[in-house]
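Structure, as structure tokens:
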Amino acid sequence: MSVDTIIQALNAVRQQKPLVVNITNYVVMNNSANALLAIGASPIMAHSKQEMAEMLSFAGALVINIGTLDSVWIPRMLFAVEQANRHGKPVILDPVGCGASTLRTETSRQIARLAEKLIIRGNASEIIALAGEQAQTKGVDALDSSEAALGAARFLVAEYAANVMISGATDYIVSQNRTVALTNGDKMMPHVTGMGCTLTALTGAFAAVGDDTGLAAAAILGVAGEIAAENASGPGSLQVALLDTLYQIDEAQIVARLQLEIH
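Residue 97 in numbering that gives the first Met the number 0 sits at position 98 of the sequence shown, with consecutive numbering throughout.
The structure is reproduced here in structure tokens:
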């Protein structure tokens, strides 16, 4: 995917305003919904099994984020994935805290096995744990570098026919044929809760218009984070500035700032 196709994907989201169904955690619902609105998509935070079949018949994508996982949510998540499969919709899985507990690890793998059009977005430790390797985890925080998760990501691509996004100081987008490295962003971004969850939600918007890699979402959030950080004095103002930047970001800013390497 070139810079031109990233910009085309952004224009498609703004023109089509795809509906993105989010089964996400209580901590980030507001952040994720606002980020989707700012980029031009239409979010719905739907958790009821009773409406999921109907929602996914006309939605563009399904985002599943296991951040506040419990036994009530798991059957809903699995049912939602089944409905996404039925209607040929992409599923974006955020395996928050995978490796921190058996419940999180096994649930993440169950969802990954079930989803037919899958994108996985996680930090390095989550990706390593999902692949079954030894990972260093501290709750939902990554203690591994994103580079350390490349082998695990390639395993997941093969195992689940998925595309995998590793978030970190360098973001990696791993697919069957190539790996793309992105070095945009700002060191303040990890100090805002749910920044990775925001990327997962945005990935749903771009998947809904045809980007099944996650690259457009990662590229645009990275560039937007850089711009926002220049206008912020700390994590609180960064969060507000990021929403404004996602709303305003344009082709010239992306072309001027994007740092992308294909491996």
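Heads up, the beta-carbon is just placed ideally off N, CA and C, and yes, glycines get one too. Bear in mind the structure is a predicted one, so any value in this text is a computation, not a measurement.
For Pro42, the enclosing beta strand (DSSP E) covers residues 41–43.
For Tyr171, the enclosing beta strand (DSSP E) begins and ends at 170–173.
Relative to Val71, the option among Ile22, Ala60, Ala11, Thr212 whose CA is nearest is Ile22. Listed in chain order, the beta strand (DSSP E) elements of length 3 or more contained wholly in the segment 230–262 are 259–261. The segment 170–182 makes no contact with the segment 21–39, as fewer than three CB pairs between them are under 8 Å. At a Cβ-Cβ threshold of 9 Å, Ala128 and Pro74 do not count as neighbours. By a beta-carbon distance limit of 8 Å, Ile43 contacts Val20. Their separation comes to about 6 Å. One thing to note: Ala130 has its Cβ no nearer than 9 Å to the Cβ of Glu105. One Cα belongs to Met51, the other to Leu77, and the distance between them is close to 11 Å. Taking a cut-off of 8 Å on C-beta distances, the segment 202–218 touches the segment 9–20, as three or more cross pairs fall below it.
Listed in chain order, the non-local C-beta contacts of Gly121 below 6 Å within the same chain comprise Pro94, local neighbours out to five positions each way being set aside.
Taking 9 Å as the cut-off, the Cβ atoms of Gly195 and Ser166 count as close.
If you check the CB distance, Lys88 and Ala111 do not come in under 9 Å.
In its chain, beyond the 5 residues on either side, Ser41, Ala58, Gly59 have a beta carbon closer than 6 Å to the beta carbon of Leu18. At the C-beta level, Ile118 and Thr169 stay beyond 9 Å of one another. Taken through DSSP and simplified to helix, strand or coil, Ala130 comes out as helix. One alpha carbon belongs to Gln49, the other to Leu36, and they sit about 25 Å apart. In this structure, the straight-line span from the alpha carbon of Cys97 to that of Gln247 is close to 34 Å.
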